[in-house]
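Numbering-wise, the sequence shown is residues 16 to 207 according to the working numbering. Note that beta-carbon positions come from the ideal geometry of N, C-alpha and C, so glycine has one too. Quick notes on the structure that follows.
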Amino acid sequence: MTNTKHSKKKTSPRTRLLAGTVAAAALGAGAFGAISANAAEPARAPAAVTADAGHPRDLTRTAHLTIDAATRAAQAALDAAESENQRVTVAVVDRNGNTVVTLRGDGAGPQSYESAVRKAFTAVSWNAPTSELAKRLESAPNLKDIPNTLFLAGGAPVATKGTPIAGIGVAGAPSGALDEKFAQAGVAALTR
Numbered sequence: 016m017t018n019t020k021h022s023k024k025k026t027s028p029r030t031r032l033l034a035g036t037v038a039a040a041a042l043g044a045g046a047f048g049a050i051s052a053n054a055a056e057p058a059r060a061p062a063a064v065t066a067d068a069g070h071p072r073d074l075t076r077t078a079h080l081t082i083d084a085a086t087r088a089a090q091a092a093l094d095a096a097e098s099e100n101q102r103v104t105v106a107v108v109d110r111n112g113n114t115v116v117t118l119r120g121d122g123a124g125p126q127s128y129e130s131a132v133r134k135a136f137t138a139v140s141w142n143a144p145t146s147e148l149a150k151r152l153e154s155a156p157n158l159k160d161i162p163n164t165l166f167l168a169g170g171a172p173v174a175t176k177g178t179p180i181a182g183i184g185v186a187g188a189p190s191g192a193l194d195e196k197f198a199q200a201g202v203a204a205l206t207r
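Below, the structure is given as structure tokens:
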């Protein structure tokens, strides 16, 4: 066996800096190429999530009123009021009580906007016409203290298979019975 000496050559700081810069540039170019290649590929859709058929109680289906349907209902209610020379505001809210459409007829009073929205909210919240709910105040007067509700005739719920999906509120006619009649015209426009 022969003994050989391994000599270690010292590298200057300048050489190490240059070598490090070249290595970083090579890594950066490789990473850029990988990112560019990934960006060029079309995005894949995530795998479909399927529910275990053994747990249907964990899932619910809901129906939602589209903006087109809400507008059609509001216009039908407004047309019904105008055909009787009544100046009203019509509001349609979704299942969660959010205002979807509001139509203020020519000459409708300034109070009619808020009243129509609150009647629609009240109707969808209880899935009942507000004229029926107003009768409940006799036995439960504190109902009127619930925020954003209005227990006056003029609100009608929109339901599918018994489940409320929207509320239509009308305000501004000289009687709640007329307001509710016009709201029902909006509901009817959705069931034709």
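Looking at residue i: is its Cβ nearer than 8 Å to the Cβ of residue j?
| i | j | result |
| --- | --- | --- |
| LYS134 | THR145 | yes |
| PRO172 | ALA204 | no |
| GLY187 | GLY112 | no |
| VAL185 | ALA131 | yes |
| SER127 | VAL103 | yes |
| ALA200 | GLY170 | no |
| VAL107 | ALA78 | no |
| LEU93 | GLY122 | no |
| VAL143 | ALA168 | According to the sequence provided, residue 143 is Ala. The question's Val does not apply to it. No, they are not a contact pair. |
Report the partner residues of residue i according to the DSSP bridge assignment.
| i | result |
| --- | --- |
| GLY182 | VAL108 and PRO172 |
From which residue to which residue does the alpha helix (DSSP H) around residue i run?
| i | result |
| --- | --- |
| ARG76 | Premise fails: ARG76 is in no alpha helix (DSSP H) and is neither H nor E. |
| ASP160 | Premise fails: ASP160 is in no alpha helix (DSSP H) and is neither H nor E. |
| LEU193 | 191-206 |
* Between the region 79-97 and the region 170-187, do at least 3 Cβ pairs fall closer than 8 Å? -> yes
* Where are the beta strand (DSSP E) runs, 3 residues long or more, that stay fully inside the region 87-151, in chain order? -> 104-109 and 114-119
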